[in-house]
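**Q** Every letter in the sequence shown is one number past the one before it in full-length UniProt numbering, and letter 146, counting from 1, is 146.
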Amino acid sequence: MASKSNDAHVEWGVLPLNGALEKLVTTRGGLSSEEAQKRLGEWGANALPTHKVNKLLVFLGFLWNPLSWAMEVAAILSIILLDYPDFGLILALLLLNAGIGFFEEIQAGDAVAALMGQLAPEAKVLRDGVMINTPAAHLVPGDVIRIRLGDVLPADVKFLEGDAVKIDQSSLTGESLPVTKREGDEGYSGSICKQGEIEAVVTCTGVHTFLGRAAEQIAGADSHGRLQEVLTTVGNFCMVSIIVWCIIELIVQLGGRANENPCLLKNDGCLGVANILVLIVGGIPVAMPTVLSVTLAIGSSALARENAIVTRLTSIEEMASMEILCSDKTGTLTLNKLSVDMDNLIPYNDYAADDILKYGALAARIENNEAIDVVCFNTYPGHNTLWQQYTLLHYTPFDPITKRTIAKIKENATGRIFRTCKGAPQVCLDMDANADSLRSEVERRINEFAGRGYRGLGVAFAPDDVPLEDASWRLVGLLPLFDPPRHDTAETIRKALELGVSVKMVTGDHRVIAIETCRQLGMPTNILDTSFFNSTPPAGVNLAQMVYETDGFAQVFPEHKFEIVRLLQSLNKVVGMTGDGVNDAPALAQADIGIAVDDATDAARAAADIVLVSPGLSVIITAIRLSREIFLRMKNYAMYSVAMTVRIVCTFGLLTIGFNWYFPTILVVILAILNDGTILTIAKDNVTASRTPDSWKLKHVFIASICFGLWLTLSSVVLFAIVYRTTAFAGFLGAENLCVSCLKSHCDAYFTKQIQLCTRQFGKSMVCGELDGSVPLNVQRDALSANRARYIAGYWEAYTVYTAGETRDDLFTDLSGSHINDLPYTPSANDVYNQFVTQYTATSVDDALDGNGVGLVGHDFVPLTNGASFCDFMWSYANFNSTWTKDFRVIGPGRQKKDGILRALMYTQVSISGQALIFVTRTAGINTWFFAEKPCTLLLLAFVGAQVVASLIGYFGFHGYPSDRIAIIGCGGGYLLIAWLWSIVWQFPLDLIKFAVNYVLQTRAYTSTAFDSRINAGHPTMAHARVTSRVRTERAISTSRAVPTATS
1 MASKSNDAHV EWGVLPLNGA LEKLVTTRGG LSSEEAQKRL GEWGANALPT HKVNKLLVFL
61 GFLWNPLSWA MEVAAILSII LLDYPDFGLI LALLLLNAGI GFFEEIQAGD AVAALMGQLA
121 PEAKVLRDGV MINTPAAHLV PGDVIRIRLG DVLPADVKFL EGDAVKIDQS SLTGESLPVT
181 KREGDEGYSG SICKQGEIEA VVTCTGVHTF LGRAAEQIAG ADSHGRLQEV LTTVGNFCMV
241 SIIVWCIIEL IVQLGGRANE NPCLLKNDGC LGVANILVLI VGGIPVAMPT VLSVTLAIGS
301 SALARENAIV TRLTSIEEMA SMEILCSDKT GTLTLNKLSV DMDNLIPYND YAADDILKYG
361 ALAARIENNE AIDVVCFNTY PGHNTLWQQY TLLHYTPFDP ITKRTIAKIK ENATGRIFRT
421 CKGAPQVCLD MDANADSLRS EVERRINEFA GRGYRGLGVA FAPDDVPLED ASWRLVGLLP
481 LFDPPRHDTA ETIRKALELG VSVKMVTGDH RVIAIETCRQ LGMPTNILDT SFFNSTPPAG
541 VNLAQMVYET DGFAQVFPEH KFEIVRLLQS LNKVVGMTGD GVNDAPALAQ ADIGIAVDDA
601 TDAARAAADI VLVSPGLSVI ITAIRLSREI FLRMKNYAMY SVAMTVRIVC TFGLLTIGFN
661 WYFPTILVVI LAILNDGTIL TIAKDNVTAS RTPDSWKLKH VFIASICFGL WLTLSSVVLF
721 AIVYRTTAFA GFLGAENLCV SCLKSHCDAY FTKQIQLCTR QFGKSMVCGE LDGSVPLNVQ
781 RDALSANRAR YIAGYWEAYT VYTAGETRDD LFTDLSGSHI NDLPYTPSAN DVYNQFVTQY
841 TATSVDDALD GNGVGLVGHD FVPLTNGASF CDFMWSYANF NSTWTKDFRV IGPGRQKKDG
901 ILRALMYTQV SISGQALIFV TRTAGINTWF FAEKPCTLLL LAFVGAQVVA SLIGYFGFHG
961 YPSDRIAIIG CGGGYLLIAW LWSIVWQFPL DLIKFAVNYV LQTRAYTSTA FDSRINAGHP
1021 TMAHARVTSR VRTERAISTS RAVPTATS
């Protein structure tokens, strides 16, 4: 029995036929059914292996990455904190992100499945001495099969005795023409028999065949996920940023300020932890996978309209970075269709070029669809009426021994009978009576054709109706055959070079054919054959560098194409590969961007990332340009999302630890929804594609993004500090005074003065009380109550004057009740205020003496309000009664109101300035002013729509929702206008930051486009023209030359 271990890597092509039969332990009579069954058990089915994938595990795998981890933590936190709306949003985005990756991954097996379809479904096999039909999957090494015209070879074979056959293996090896196979030659599975019939012995089956090795290489090709790597990098950055700020916040808020920041398992009961959710939801670009995927999907639709079907979305961003395009020749750069070079027809013996075409057509028979016969017949201009003028009397088909075809023809008009012949040039020359005088010239032409990769065909003519052996032949001429380049290939290659993409030819054809094709296309002709793989590179040059410096490769097999792509990738080059055959499939799968051309095999299409559905390669240039535009939109968004992470995390982190000020999760969620909804329109934004291969340049992206984010953080913190610590904007178009410290100072000053006046008048603290609300044990309750009631009433009058008309009732409008208490209900803000006033005015001295809600430690004073003054209660945090505050310092009603208005203001400013950042990042690549490059109308409308919604939220607020510490109260028209003006003022310096970063990071490549270009206020596709003095001079000269004269 044939040994699997010994036969798997045998070079069957070099073994003599009898040696191969001996190695396979078989005979020309084939195998017995019993022996075939045994070998089937050892070798397995003649089929490509299938690998079943657990789809659930694949899906779950996409939930295991830094970006997903952060989203999962946020989802868990939202459940713990009873924040169900946020939980639903985060979960939906998380599943969407995983779903996109899952569906892309599942498509990975298509290439192998298509290769399986290349195998012939049935075969005629000699078993037990009888020729039977059997499924191709049941063939084993040693079987003898019969191959006929049109059959697909079901396995690798070695041909037995019989007439020569022609085998089309162009989809496997890249050879342009069917190859003549004789006894002892090797045939590959997936090839097609184009002429003849022969028997053959099976040498290899399944994965051990030529086709099987290609399938293994496709299955083993590296899977590319540059976009996933970028997402992971961005996710890691966001995670680190958030973790750092979370640690800082937890230490400060739950450690240093624990008495003001309770952590209770109830809704909004642990704001120190809930604020982590704000950082996660706001800091993690949860919509980034969705935005990028939508951008790719819209780009894919645009490419489809250009007849390029994208089978792997992420290949679009990889094509934008493509530096090298390895292109198969046959069927890709060329038509894979024989043609006659009309400019190089060589007539002899006083014949004309048209005679060569006519007699060549008469010597052709197209019934068998043989390539040379078809091209000879169809090239003759009068082929449509040829057989109306002539009648074929006898035809001698091509014979590998004589290497010619002969046709006996009758001219219908005259009845004249003659013969025509076409065949090998040397054969037709030897048939000429004057061969010796023509030989040197003809042989020179034949060698010239061979040197250019042409296949020379001789045409001869014999007059008179005489026996064949008596015919007097004359050489009509030589007819050069070649596989011509596609009409648009040369222009495509030129445009590719202009776009910075180097084109390398990779073909299975002979080196001289490859060189001639390069010459016709205007490509460099430094072509190597595959022998260089087995040779030592020059000193100081490794194999990968040698491949990179070579212009093309000839006589390559699938494994060579695969290796060429892999070596170029080892130099960190982004490599594209075009092809149409099974032989291209492994390299298409390995390449960063695999492009299957029109009429490609199913295997090539399945292995490719982009499939062209129209003839020619010109669409590749369009695809490169469109992919760079798509990629630039993606990079603009990535820069925006990182900047927003920095901005959100740093802004709300600093406000929390610096001012003990919280931002509600719901506003961050709304901010994310509006921003991400708007930013989706960037998928259709107007951009100017790079003229060179583009890349992520993550160092540049992160540095620019961090600078943008910090600048916007500064803008928000400065605005907050001015509003919160000064009265600079108070009164502007009715804007309230939000300076809590100012209001508390005014309050403290008022009560201090009142107590001082009382003390001067009565000289007793038992009548006047202390500023902190305490009273002596011998308090005169009635007098004290009256005095303190007078203080409070007077304060509200003074407050109205200080705030230019705001009353106590105005202050208490839209306030939320206190939810941190030990009461069986949630008291309103007025309830809490009344309780404090009751205690403060000594109405409940007995309760205080009994220690009900306050701490009495035996001193001479009774802490009616636990040491909290009226101003502390109103404008700060106070634990005035442990029953009403759960023994924590809770926020006062005045501070709640001002903080709520400030939240609406800060939300509006963060929303406006944050979303406006996209206009800066979208112009970062071309380094121009944000207002100089017109965005698409859809982006503008989305921005306006989102900011109208944000402005309405800022203006009206949520009337104190969700709770006292994170209440949202409308800021009104004054502060709304302040938010807009403030955002606009801080927007312009972002461009200066952009220019500075580009200058520092790209000193050599820096162009001051922003300062010498015209603003594009017209059509979005209008290019930015850099108008220098030299350009102006050249334009003036060209214009003056083009001015028409009066007589023209």
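Where is the CB? At the ideal position from N, CA and C, for every residue including glycine. Fair warning: this is a prediction, and the values are worked out from it, not measured in the lab.
1. Ordered along the chain, which non-local residues of its own chain (more than five positions away) have a Cβ less than 8 Å from that of Asn879?
2. Based on the DSSP output, what are the partners of Tyr390 in its beta bridges?
3. Kindly indicate which residue of Ala407, Leu77, Asp328 has the alpha-carbon position closest to the one of Asp268.
4. From which residue to which residue does the alpha helix (DSSP H) around Phe377 run?
5. Does the distance from the CB of Arg474 to the CB of Asp430 come in under 8 Å?
6. Would you identify the three-state DSSP class for Ser315, choosing helix, strand or coil?
7. Counting C-beta neighbours from all protein chains within 10 Å, is the total for Asn787 16 or more, i.e. buried, or is it exposed?
8. Can you grab the Cα-Cα spacing for the pair Pro664 / Leu56, in whole Å?
9. Can you pull the DSSP bridge partners for Trp473?
10. Measuring alpha carbon to alpha carbon, tell me which residue in Leu60, Phe59, Trp64, Leu94 is nearest Ala75.
11. Start and end of the beta strand (DSSP E) containing Ile324?
12. Which class does Pro485 belong to by DSSP, given the choice of helix, strand or coil?
13. What does Ile984 pair with, by DSSP beta-bridge criteria?
14. Assess contact between the segment 248-259 and the segment 632-646, defined as three or more Cβ pairs (one per stretch) separated by less than 8 Å. Is contact present?
15. I'd like to know whether the C-beta atoms of Leu478 and Ile372 end up nearer to each other than 8 Å.
16. So, helix, strand or coil for Tyr833, using DSSP?
17. Any idea which residues DSSP pairs Asn133 with across the strands?
18. Could you tell me the distance, in whole angstroms, from the CA atom of Thr1009 to the CA atom of His700?
19. With a Cβ-Cβ cutoff of 8 Å, do Met319 and Ser627 count as a contact?
20. Would you identify the three-state DSSP class for Lys397, choosing helix, strand or coil?
21. Cβ atoms of Ala996 and Pro893: under 8 Å apart, would you say?
22. Helix, strand or coil: which one does DSSP assign to Ala74?
23. Looking only at its own chain, which residues have a Cβ that is under 8 Å from the Cβ of Gln545, when we skip the five neighbours before and after it?
24. Which residue comes first and which comes last in the alpha helix (DSSP H) that contains Glu199?
25. Using the three-state DSSP reduction, which class does Ala783 fall into: helix, strand or coil?
26. Can you tell me where the alpha helix (DSSP H) with Ile682 in it begins and where it stops?
27. For the alpha helix (DSSP H) holding Ser531, just list the boundary residues, first then last.
28. So what does DSSP say about Phe557, is it helix, strand or coil?
29. From the DSSP output, which residues share a beta bridge with Lys181?
30. Quick check on the burial criterion: 16 or more other C-beta atoms within 10 angstroms. Buried or exposed for His487?
31. Can you look up Gly456 in the DSSP assignment and give me helix, strand or coil?
32. State the DSSP-derived secondary structure class of Arg889, mapped to helix, strand or coil.
33. Out of Ala842, Pro824, Ser818, Ala804, which has the shortest C-alpha to C-alpha gap to Pro776?
34. Tell me whether the beta-carbon of Gly282 lies closer than 8 Å to the beta-carbon of Leu710.
35. For the putative contact between Ala979 and Ile912, defined by C-beta atoms under 8 Å, what is the C-beta separation to the nearest angstrom?
36. DSSP three-state call for Met239: helix, strand or coil?
**A** Per the coordinate set shown:
1. Asn259, Asn866, Ala868, Thr885, Asp887, Phe888, Arg889, Val890
2. DSSP lists Glu411 as partners of Tyr390.
3. Leu77
4. 371-379
5. no
6. In the structure shown, Ser315 sits in a helix (DSSP, three-state: H, G or I).
7. buried
8. 36 Å
9. Asp432
10. If you compare the alpha carbons of Leu60, Phe59, Trp64, Leu94 with that of Ala75, the shortest gap goes to Leu94.
11. Note, Ile324: beta strand (DSSP E), 324-328.
12. strand
13. Paired residue(s): none; Ile984 is not in a bridge.
14. no
15. no
16. In the structure shown, the three-state DSSP call for Tyr833 is helix.
17. Lys124
18. Because the pLDDT of Thr1009 is 41, which lies under 50, any placement of that residue in the model is unreliable, and the number read from its coordinates should be weighed accordingly. Rounded to the nearest angstrom, the two C-alpha atoms are 18 Å apart.
19. yes
20. It should be noted that the sequence gives Pro, not Lys, for residue 397. Coil, per DSSP.
21. No.
22. helix
23. Pro537, Leu571
24. From DSSP, Glu199 is part of no alpha helix (DSSP H) but of the beta strand (DSSP E) over 198-204.
25. helix
26. First-last for Ile682: undefined, no H or E at that position.
27. That residue, Ser531, is in no alpha helix (DSSP H); it is neither H nor E in DSSP.
28. coil
29. Val165
30. exposed
31. Strand, per DSSP.
32. coil
33. Ala842
34. no
35. Contact annotation, Ala979 with Ile912: C-beta distance approximately 6 Å; criterion of less than 8 Å satisfied.
36. helix
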